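Peer 1: Just dropping this structure here.
Protein chains in written order, with the UniProt record's numbering: chain E, 1 to 437; chain Y, 1 to 437.
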């Protein structure tokens, strides 16, 4: 059968992995897809690097736009990244009637609504399994595997860099800065790690998952994003003593009044599977009303794991590309005219439990003042530990875990607690998710 | 848009769940599928029970064959179970040009080759996500999510009854018989639990997964099947001391010379996620050459979790049923003419590590005799503990863990060890999987 012709835009880490796996497993992939999938053209600014990888087995060009317009090409694989040139290339490919496979989470999360609308008009597919959690087929699970369910919430460890850092901070009791340096030395963090450690990367992925889980447009600009740079080793240790681990989670929750969409360090029960996802691994826990909780685990990054998702999309598109669009899985799981315009709620409306660490004077009556403030704000206490002051010190740590409350109530209580004269430092406040409802 | 008409055969636990979820989430499901999915006819021998569930919202009949032939019906959902009437019904539906969705693992594992061939001839789909691991979309992951990979092996906790029993035996140190009774009282084990506790149910599921992972025909009759009825609480405790947990795993491994397909109690490292899948939960770990290890976790049984998989199949078939067959995902992941006739190997060719528990006389030289026998059979020892004899006793337990070897070598060594005069009881021999290669 006639091969399907693929134009690969960008042959860096993931592009190289895609080339390698598609070549190595060509026979297996053809047996599944029903026809060969062939990368006929590679575009990369570094044509010498590209030539050294493809070894004459594909045409190498410097101009990616020429590939996006090439009538011989059936599918464009966009692995350039970013939202400027990559967006123009994807839109050009769509306008030229080509299907697109992309690993570009920033692009899908911030321009997805426009891109999918254009794809819909032109009757082409834009596939993006590789944009979330690398090789884990989580997009397929959400979009096709769980179609029976009202998806209630999902929570994912979807950034390997930060999960590696948090695992190391816990194992070794080291501060963030020291572990970040180690992660950079080991190649788990980039030279400029901002997008990972500040939570933007996880927020891109959470945005995409929320959209297909709930049938709402992409709303990255409304996501609440907190990274791990301010996290203290002390809080990781205290959480552990209370039966919790701290993970950077991407969380999306469907509520009657809107959608919660947030990325932040989160205390979760140490016994649950998600808490035991260590190092650079990824995992997503999804709660559906019929199926209950399901979890998907694997490598969230790297050349071949990400290539695995890119090629799975290529096989899907190959199987479907001559079928009429009504037979295809909708880009965002729901039919395009069936998305609902449910808004992401402000983070002050979040409902969850809270961890609070207070540095207080070691005097009688302090605890009574604090618990009174919490009670006045309708916040009930789930657990508490009070640390003796260190030898010779006059101040002690109190750690409180609250039951679920609304964030603005928690913040109001924190402000009042900080105003107490016996409280000598800002309160450290972290969110808790029990992952059981 | 015109609804798709479904005939539901059997409205017991899963059938009832399917009815409930399809009714409750009708709006959500229609928004995804692009058209309503409507159960128009229910066939059940107990028509009164069926009437009480559907409350006049569907036609109820006693004759399932009439539904399988009804020209108004587009898709048959077979939830009767077993391989006699169910098989005839599925074949009748196929002959009448209907698509089939089934949760029947025994039917797919033992008659799948014939059924898929018939479906292929008639150009209809037979979908079976619900046959393996309940609501976990593992068939979709293997068949579509991991198409880039040479799948090397998979190992799954795919029977909730036995996993519940093993979790309880470990937690409470109780013997098998006592926990089985508890499981029956709690509804986790059936009145006749044979198919679960002897491993047949897990073997059906492992057979199906092996077929779609490796592109080989179903070979249930060649699977090696051992249940958990002979497992001793002592071995669970010894395994724990050595850093392992015992799980009933369904294992499939692709080798150059054939396929390993086996179900048996297995020691796995206590730290790995699979070892921490407790109670009636299911999980499948899949190793692909590009993606590495991915894990899929959730409820493996129950009315609504299984209905979740049945309905996901209904949505898939609804999206695809008017497309020509070449655009569909092949039943067994690989194109029908691309299956390879790779045989399941005899269990004596299995390669894994072994746990051996020996009851020996507490005399000098015993250990030397035993280790000599292992060395003579090219078996190297990974770890060992020797228990002091109980107060006043003259015999002690030795527990050995071996590195990977071929099963026939392990068995030869065991036979020689049992022939030693100082060894006073049959050797308990269990398999170990490190799950890391």
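Quick reminder that beta carbons are idealized off the backbone N, C-alpha and C, glycines included.
Given the structure is predicted, the values throughout are model-derived calculations rather than measurements.
Considering just the uninterrupted stretch of the alpha helix (DSSP H) at residue 238 (chain Y), what are its terminal residues?
Peer 2: Element bounds for residue 238 (chain Y): 233 to 241.
Peer 1: Quick check on residue 104 (chain E): does DSSP put it in helix, strand or coil?
Peer 2: Reduced to three states, the DSSP call for residue 104 (chain E) is coil.
Peer 1: Report the partner residues of residue 41 (chain E) according to the DSSP bridge assignment.
Peer 2: DSSP lists E:7, E:59 as partners of residue 41 (chain E).
Peer 1: Measuring only between beta-carbons, confirm whether residue 297 (chain E) sits less than 8 Å from chain Y.
Peer 2: Yes, residue 297 (chain E) counts as interfacial toward chain Y.
Peer 1: Express the C-alpha separation of residue 382 (chain Y) and residue 435 (chain Y) in angstroms, rounding to a whole number.
Peer 2: So the two alpha carbons sit approximately 16 Å from each other.
Peer 1: Beta-carbon of residue 9 (chain Y) versus every beta-carbon of chain E: anything under 8 Å?
Peer 2: Not one chain E Cβ lies under 8 Å of residue 9 (chain Y).
Peer 1: Quick one: using the 10 Å Cβ neighbour count with 16 as the cut-off for buried, is residue 303 (chain E) buried or exposed?
Peer 2: Residue 303 (chain E) comes out buried.
Peer 1: Is any beta-carbon of chain E found at less than 8 Å from that of residue 158 (chain Y)?
Peer 2: Judged by the 8 Å Cβ criterion, residue 158 (chain Y) is not in contact with chain E.
Peer 1: For the putative contact between residue 127 (chain E) and residue 101 (chain E), defined by C-beta atoms under 8 Å, what is the C-beta separation to the nearest angstrom?
Peer 2: About 5 Å separates the two Cβ atoms, so the contact holds.
Peer 1: Output the boundary residues of the alpha helix (DSSP H) element that contains residue 200 (chain E).
Peer 2: Taken as a continuous stretch (DSSP letters only), the alpha helix (DSSP H) holding residue 200 (chain E) covers 200 to 214.
Peer 1: In the DSSP output, what is residue 412 (chain Y) paired with across the bridge?
Peer 2: DSSP, once it has assigned bridges, lists no residue as partnering residue 412 (chain Y).
Peer 1: Below 8 Å between beta carbons: does that hold for residue 41 (chain Y) and residue 14 (chain Y)?
Peer 2: Against a cut-off of 8 Å, the Cβ pair of residue 14 (chain Y) and residue 41 (chain Y) comes out as no contact.
Peer 1: Could you please give me the residues that DSSP links to residue 386 (chain E) through a beta bridge?
Peer 2: According to DSSP, which records beta bridges pairwise, residue 386 (chain E) is partnered with E:398.
Peer 1: Determine the closest residue to residue 4 (chain E) out of E:16, E:17, E:29, with distance taken between C-alpha atoms.
Peer 2: Here the closest residue by C-alpha is E:29.
Peer 1: Just the Cα atoms here: how many angstroms apart are residue 219 (chain E) and residue 243 (chain E)?
Peer 2: Computed Cα separation, rounded: 34 Å.
Peer 1: Any C-beta of chain Y sitting closer than 8 Å to the C-beta of residue 316 (chain E)?
Peer 2: It does: the Cβ of residue 316 (chain E) has a partner Cβ on chain Y nearer than 8 Å.
Peer 1: Using a Cβ distance threshold of 8 Å, determine whether the stretch 368 to 381 of chain E contacts the stretch 398 to 411 of chain E, with at least three qualifying pairs required.
Peer 2: A contact exists between the stretch 368 to 381 of chain E and the stretch 398 to 411 of chain E.
Peer 1: Residue 282 (chain Y) bridges to which residues according to DSSP?
Peer 2: In DSSP, residue 282 (chain Y) forms a bridge with Y:298.
Peer 1: Locate the beta strand (DSSP E) running through residue 269 (chain Y), then write down its first and last residues.
Peer 2: It spans 258 to 269 - the beta strand (DSSP E) in which residue 269 (chain Y) sits, taken as one unbroken run.
Peer 1: Could I get the ranges of all uninterrupted alpha helix (DSSP H) runs contained in the stretch 110 to 193 of chain E, with 4 residues as the minimum, in chain order?
Peer 2: Counting whole runs of 4 or more residues, the stretch 110 to 193 of chain E contains the alpha helix (DSSP H) stretches 160 to 172, 176 to 186.
Peer 1: Excluding the five sequence neighbours on either side, which residues of its own chain have a C-beta within less than 7 Å of the C-beta of residue 361 (chain Y), listed in chain order?
Peer 2: These residues qualify, in order along the chain: 394, 395, 422, 424.
Peer 1: Quick one: is residue 162 (chain E) buried, meaning 16 or more other Cβ sit within 10 Å of its Cβ, or exposed?
Peer 2: Classification for residue 162 (chain E): buried.
Peer 1: Going along chain Y, which residues have a C-beta under 7 Å from residue 479 (chain E)?
Peer 2: Given a span of 1 to 437 for chain E in the structure shown, any question on residue 479 (chain E) remains unanswerable.
Peer 1: Can you name, in chain order, every residue of its own chain whose Cβ lies under 8 Å from the Cβ of residue 85 (chain E), other than the five neighbours on each side?
Peer 2: Taken in chain order, the residues that qualify are 64.
Peer 1: Using a Cβ-Cβ cut-off of 8 Å, state whether residue 169 (chain Y) counts as contacting chain E.
Peer 2: Judged by the 8 Å Cβ criterion, residue 169 (chain Y) is not in contact with chain E.
Peer 1: Using beta-carbon positions only, say whether residue 167 (chain E) and residue 332 (chain E) come within less than 8 Å of one another.
Peer 2: No. Outside cutoff.
Peer 1: I need the straight-line Cα distance from residue 97 (chain E) to residue 36 (chain E), nearest angstrom please.
Peer 2: Going by the C-alpha atoms only, they are around 21 Å apart.
Peer 1: Below 8 Å between beta carbons: does that hold for residue 282 (chain E) and residue 157 (chain E)?
Peer 2: Yes, Cβ-Cβ distance for residue 282 (chain E) and residue 157 (chain E) is below 8 Å.
Peer 1: Got a sec? Which residues, its chain only, sit under 7 Å from residue 135 (chain Y) by beta carbon, not counting five neighbours each side?
Peer 2: Answer for residue 135 (chain Y): 298, 299, 305, 306, 308, 309, listed in chain order.
Peer 1: On the three-pair Cβ rule with 8 Å, is the stretch 139 to 153 of chain E touching the stretch 338 to 355 of chain E?
Peer 2: No, the stretch 139 to 153 of chain E is not in contact with the stretch 338 to 355 of chain E.
Peer 1: Between the alpha carbons of residue 342 (chain E) and residue 254 (chain E), how many angstroms are there, rounded?
Peer 2: Taking the straight line joining both Cα atoms gives about 9 Å.
Peer 1: Have a look at the DSSP bridge pairing and note the partners of residue 334 (chain E).
Peer 2: Answer by DSSP bridge pairing, in chain order: E:332.
Peer 1: At which residues does the alpha helix (DSSP H) containing residue 1 (chain Y) begin and terminate?
Peer 2: Counting along the chain, residue 1 (chain Y) falls outside any alpha helix (DSSP H), and DSSP gives it neither H nor E.
Peer 1: Would you kindly report the start and end of the unbroken beta strand (DSSP E) that includes residue 27 (chain Y)?
Peer 2: Taken as a continuous stretch (DSSP letters only), residue 27 (chain Y) belongs to no beta strand (DSSP E), being part of the alpha helix (DSSP H) at 26 to 33.
Peer 1: Check whether the stretch 426 to 434 of chain Y and the stretch 258 to 269 of chain Y touch, using three or more Cβ-Cβ pairs below 8 Å as the test.
Peer 2: The stretch 426 to 434 of chain Y is in contact with the stretch 258 to 269 of chain Y.
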